[in-house]
Amino acid sequence: MNKGYIKIGLAFLSVAGCMQNIAFASEHALSTNSLNTESKQQLFIDPEEAREAADVMADALAIAQKHAQNSEDYKLYSKSGDAAALYFKRVNETDIGKLDLIVPNPDSYDGIISMLLDPNGPKKIYNTFVDGHVSRIYDPNLLIIRRQYKSNIIGLQRYCYALVNKVELSDDETAIIMVSSDTNERDSKDYEMHLNPIVESANFFKPDIDPLEDIRNANVPKMHVNLAAFFIKKEADCVKITIISSIDYNAPSYISQIALRKIASTNFLQATKLIDIFKKE
Numbered sequence: 011m012n013k014g015y016i017k018i019g020l021a022f023l024s025v026a027g028c029m030q031n032i033a034f035a036s037e038h039a040l041s042t043n044s045l046n047t048e049s050k051q052q053l054f055i056d057p058e059e060a061r062e063a064a065d066v067m068a069d070a071l072a073i074a075q076k077h078a079q080n081s082e083d084y085k086l087y088s089k090s091g092d093a094a095a096l097y098f099k100r101v102n103e104t105d106i107g108k109l110d111l112i113v114p115n116p117d118s119y120d121g122i123i124s125m126l127l128d129p130n131g132p133k134k135i136y137n138t139f140v141d142g143h144v145s146r147i148y149d150p151n152l153l154i155i156r157r158q159y160k161s162n163i164i165g166l167q168r169y170c171y172a173l174v175n176k177v178e179l180s181d182d183e184t185a186i187i188m189v190s191s192d193t194n195e196r197d198s199k200d201y202e203m204h205l206n207p208i209v210e211s212a213n214f215f216k217p218d219i220d221p222l223e224d225i226r227n228a229n230v231p232k233m234h235v236n237l238a239a240f241f242i243k244k245e246a247d248c249v250k251i252t253i254i255s256s257i258d259y260n261a262p263s264y265i266s267q268i269a270l271r272k273i274a275s276t277n278f279l280q281a282t283k284l285i286d287i288f289k290k291e
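The opening position of the sequence shown corresponds to residue 11 in the working numbering, with each subsequent residue numbered one higher.
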């Protein structure tokens, strides 16, 4: 397959289509500044690549829905009153976490979705977030993005590429799904094959990507999003959010599973900032 860029921003089928969709996407929280360096480089996206990306994300949505709806095999990790409850379970020798969150402002529905779709939206939520870029746009709701984080494992930064897909499940419920595939980064010094243990179809999607200079020329470890999903549902008096997440932090072997789960829980619980960000006036 002749692939272009990857990670949370899958691309268009032609130059005209690309420009039209970029303009449309900008109206949905992808600002002019967000659609920068990497997205400007894309000239043509293989229709077969776009179809494969859509197939991977359809598979990821079905898997995420299963893990969101079936709670019996999770174990409670922490709880904060009625507002938030965090659970974990093991699947295919990796952790999957689930956070149930209530934002007591029904008018926050659209704002929450826009923030989560913005490549730089995590700046308002996660202390470790550095920046985000759109790498490819397949359509306004199917992207590849690159995000870079400060490491809470050791002193190095980390980055990841991921497909991102927004799906309107109903008039009052939206899903935002993220998955990393085995990207082929041009001129990368330290390519390592990644096998996704949760969304196995992602292992066969291998788009080419041209990483930014600061990543290409530096020893920046790469993380992988096995699966991340936000299910946002508007109720009469609140917005209910269920977050599913499994991240491969590419941590050194001496980091214990207990330590990795603690890191994951810290990142999970930062999402509770949404309650204050969208506090009802």
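Glycine is no exception: its CB is placed at the ideal position from the N, C-alpha and C atoms. It should be emphasised that the depicted structure is a prediction, and the values quoted were computed from it without experimental measurement.
Taking C-beta atoms as the reference points, L86 and A95 count as a pair closer than 9 Å. Ranked by Cα distance from I155, the options D181, S118, I187 and Q167 are led by I187. In the structure shown, the three-state DSSP call for N277 is helix.
Contact check for T184 against F139 fails: the beta carbons are separated by 9 Å or more. DSSP assignment within the segment 105 to 179 yields the following whole beta strand (DSSP E) runs of 3 residues or more, N-terminal first: 139 to 149 and 152 to 160. Comparing alpha carbon positions, the residue from D286, K289, T282 and K290 closest to K89 is T282.
When C-alpha distances from Y119 are compared across L237, S180 and Q75, the shortest belongs to S180.
D182 has its alpha-carbon roughly 5 Å from the corresponding atom of K244. DSSP lists H234 as the bridge partner or partners of D258.
Nearest in C-alpha terms to T104, of all of C248, V209 and P132, is V209. Rounded to whole angstroms, K176 and S263 show a C-alpha spacing of 34 Å. Per the coordinates, the alpha-carbon of N130 lies some 31 Å from the alpha-carbon of N80. Inter-segment contact for the segment 258 to 272 and the segment 57 to 71 is absent: fewer than three beta-carbon pairs are separated by less than 8 Å. Contact between A63 and L126 is ruled out by a C-beta separation of about 19 Å, above the 8 Å threshold. Here L205 is exposed, its C-beta having fewer than 16 other C-beta atoms within 10 Å.
With at least 16 other beta carbons inside 10 angstroms of its own, M67 counts as buried. Here DSSP, grouped into helix, strand and coil, assigns L284 to helix. Between the alpha carbons of P132 and V249 lies a distance of about 19 Å. In this structure, the beta-carbon distance from T193 to Y171 falls below 9 Å. The Cβ-Cβ distance between K134 and I254 does not fall below 9 Å.
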